[in-house]
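Below you'll find the structure, written out as structure tokens, and then a few comments.
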Amino acid sequence: MTISIVWRTTAVPMIDILAPAGTFPDPHALATEAAATVMRVEQVPDISMFRENTAAFVHELPAGAICDVTGNSAHVRVQVLTNAGALDRDKQLAVVEQLTALVTTASGDPSLARRTWVLLTEAAPGGWGLWGHAHTNEELVAAARAEIAAAKG
122 MTISIVWRTT
132 AVPMIDILAP
142 AGTFPDPHAL
152 ATEAAATVMR
162 VEQVPDISMF
172 RENTAAFVHE
182 LPAGAICDVT
192 GNSAHVRVQV
202 LTNAGALDRD
212 KQLAVVEQLT
222 ALVTTASGDP
232 SLARRTWVLL
242 TEAAPGGWGL
252 WGHAHTNEEL
262 VAAARAEIAA
272 AKG
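With the first letter of the sequence shown counted as 1, position 5 gets the number 126 in the working numbering; the numbers rise by one all the way through.
Written as structure tokens, this is what we have:
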């Protein structure tokens, strides 16, 4: 296994997709692809730490639970939670663009791109819990490096 360790920040993001029930014919496929999309954009190593902990949740809400000022309930909100500093500006732009395209394709409604909000949220240092521990970014990077080193050795 040859992996170059050049990153200084890392994330194991949680992705929440909220939409009216029935918006997505296959919510499981959407969740899987959303997690894979964010992992690709982040360019993290393909190790179990990231594969097992980059996850998406599709929340289907009653249509009446979502509404804009015109009465339209056909909206989607995607929230991506990462540890602080995990996404630089280029990655922010890529995540928003690619998740919007994914939601639009998964719904079969091209007009949904105009009504999809992607929120990028960062947990404070130490505010990212994994494996029963509140990690700082430095601890997450160290854990990833340790897993890579163990795989090599």
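Backbone N, C-alpha and C fix where the C-beta goes; we use that ideal spot for every residue, glycine too.
The structure displayed is predicted, hence computed values, not measured ones.
Where residue i falls, given that 16 or more other Cβ within 10 Å makes a residue buried
i, result
"A142", "exposed"
"P166", "buried"
"I126", "A caution first: I126 carries a pLDDT of 43, below 50, which makes its placement in the model unreliable, though a value can still be read off. Exposed, because fewer than 16 other Cβ atoms sit within 10 Å of the Cβ of I126."
"T123", "Reliability of the predicted coordinates at T123 is poor, the pLDDT of 40 falling under 50, and no value is obtained from them."
"V190", "exposed"
"T144", "buried"
"E218", "exposed"
Beta-carbon proximity list for residue i, same chain, < 7 Å, skipping 5 on both sides
i, result
"P246", "A205, T257, N258"
"E154", "L223"
First through last residue of the alpha helix (DSSP H) which encompasses residue i
i, result
"D211", "210-228"
"E154", "148-163"
Cut-off 6 Å between Cβ atoms - residues of its own chain near residue i, not counting five sequence neighbours on either side
i, result
"G274", "none"
"W128", "Any reading at W128 is ruled out, since the residue's pLDDT is 46, under 50, leaving its predicted position unreliable."
Closest residue to residue i among the options (Cα-Cα distance)
i, options, result
"P134", "E173, P146, A215", "E173"
"L240", "G248, T226, L220, I269", "L220"
"A272", "H149, M170, M160, D137", "M170"
Span of the beta strand (DSSP E), counted from its first residue to its last, around residue i
i, result
"I138", "135-141"
"F178", "176-182"
"N204", "197-204"
Sequence-distant residues of the same chain with beta carbon closer than 8 Å to residue i, five excluded per side
i, result
"S228", "A140, T144, F145, V197"
- Segments assigned beta strand (DSSP E), at least 3 residues, entirely inside the segment 230-268: 237-244, 249-251, 254-256
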